[in-house]
Structures are given as C-alpha cells and as structure tokens.
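> For the sequence shown, position 73 matches number 65 in the working numbering, and the numbering has no gaps at all.
Note that CB positions come from ideal geometry on N, CA and C, so glycine has one too.
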Amino acid sequence: MPDSVATMNEAQGNEPLKSIAEAAEALSVTQRTLRFYEDKGLIAPQRVGTMRAYSKREMGRMQLILRGKRLGFSIREIGEFLSLYDEDDTQKVEQMRHLQMQINQRLTELEEQQSAIQQTIRELKQMDAEAQDKIARLKAQR
-7 MPDSVATMNE AQGNEPLKSI AEAAEALSVT QRTLRFYEDK GLIAPQRVGT MRAYSKREMG
53 RMQLILRGKR LGFSIREIGE FLSLYDEDDT QKVEQMRHLQ MQINQRLTEL EEQQSAIQQT
113 IRELKQMDAE AQDKIARLKA QR
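Structure representation (structure tokens):
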C-alpha cells in the first residue's frame, strides 16, 4: 500500500498531488491554516484514503487566498474572487466588474489611510521640532 500522496499519485499516473504537510510547506502556512480554508469552503482538497491531497488547482486557489488576505480582503470577498474560476465566461464579465469595484474601493481605503498616516507623521515631526527648540531654549537660559 502506498505510504504517501505522491506515491499513490505516481502509481495511478495522475497529476502531482501534495500532502497537507507538503502543501503547507510549499505555501509557508500551517496545516491548520489549510484546514481552516477548507472548513470555510474556499478549497476542497481531494482525499487519498484519509489523507488530504492538494492538486495544482487547490495550490493555485490557496495562493489567491493568501494574496487576498495580504491585500486586506475578507474571507467572503476572497470567496467571491475564487468563484470566478468556477463560472462560465458570460458570468465572469459581471464578476470581474464586481471584483474591479471591490479592488478600487480597497485602493481608496488604503490611500485614505496612507494620507492620514502621512498627516500624523508630519504632526509628530512638528511636535518633535518644537520640543527640541524648547529644550534648546531652556538649556540656553541656564
């Protein structure tokens, strides 16, 4: 009996599959992370006996999920993005428009945050300069 997903896969002559440990390592995530996204319905690894087996498609979906999280999208939004892979071309146009709208909304939010951060930095630098001036004046009075 084969002792790994790869061995089972090679024996059957199918596309390469990764075990959960191999997938987690390749994606730089924990096995728990993979199970979490499976529980959320975002990925659906195949099963080889009781073992999870990750195809190239599931690995690609995980890369998109991780990118979406890194960019600040919610699980729900990421699920919507992933649904693009499962729809026919006529539905994809509308979904892509929706995706583009969400991306533009996220860009606007980030630009607003960036502006607020830049303003805070300017104010802190001004306060620092004022404090340095006051220290210099106090030292000069001694």
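1) Can you pull the DSSP bridge partners for SER11?
2) What does a CB cutoff of less than 6 Å around LEU19 pick up in its chain, not counting 5 residues either side in sequence?
3) By a C-beta neighbour count over all protein chains shown, 10 Å radius and 16 as the cutoff for buried, is ILE113 buried or exposed?
4) Would you call SER47 buried or exposed, if buried means 16 or more other Cβ atoms sit within 10 Å of its Cβ?
5) How big is the Cα-Cα spacing for ASP(-5) and ARG39?
6) From ILE12 to GLN118, what distance separates their C-alpha atoms?
7) Is MET(-7) buried or exposed, if buried means 16 or more other CB atoms sit within 10 Å of its CB?
8) Nearest by alpha-carbon distance to ILE57: which of THR42, LEU9, MET43 and ILE35 is it?
9) What whole-angstrom Cβ distance do MET88 and LEU76 have, given they're in contact under 8 Å?
A quick look at the data gives this:
1) ALA45
2) MET54
3) exposed
4) buried
5) Residue confidence is low: ASP(-5) scores 47 on pLDDT, short of 50, so the model does not pin down where it sits. No coordinate-derived value is stated.
6) 52 Å
7) Since pLDDT at MET(-7) reaches only 36, below the 50 mark, its modelled position is unreliable, and the value read off the structure follows with that caveat. Exposed, by the Cβ-count rule.
8) ILE35
9) 7 Å
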